[in-house]
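Sequential numbering of the sequence shown, starting at 39, is according to the numbering used here. Even for Gly, the Cβ is constructed at its ideal location relative to N, Cα and C.
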Amino acid sequence: MRLSNITPILRIFDEAKAREFYIDFLGFSVDFEHRFADDLPLYLGLSLSEVNVHLSEHHGDSCPGAAIRVEIDDLDKLQQALNEKRYRYARPGIQSTPWGTREMSIHDPFGNRLTFVGSSTAQ
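Listed below in structure tokens is the structure:
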């Protein structure tokens, strides 16, 4: 038996804010969008490099306040690129952890936390 990738589903409440954060700020691309009807909740598939996430306005798909961790090979480059965008709601910093990683956490507009994890030394 072989297990493969996982795809987290993160709860969102506002499509415009989700697009501003995930697409404009973080740089994710839209893989697909689904609604059962025009006036029903959005289910959105996104990707960035090898990372896939799904965003859902559907009640019951997930709870706000989820946390995901994403490994990255150049955390400093990502931090610089994000801070250069001057997103008004986040200017992420990098923290060194006692367990030997460097991490940058960013909260989306819905209370979900994305932590980008690099190695213990600067790239």
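For the set 103, 120, 99, the Cα lying nearest the Cα of residue 61 is the one of 120. If you look at residue 86, you'll find it in the beta strand (DSSP E) that goes 81 to 86.
CA-CA distance, residue 101 to residue 143, rounds to 19 Å.
Here residue 61 carries a helix assignment [DSSP, helix/strand/coil]. Here residue 65 has 86 as same chain residues with Cβ atoms under 7 Å from its own Cβ, once five neighbours each way along the sequence are excluded. The alpha-carbon of residue 57 is positioned some 34 Å away from that of residue 136.
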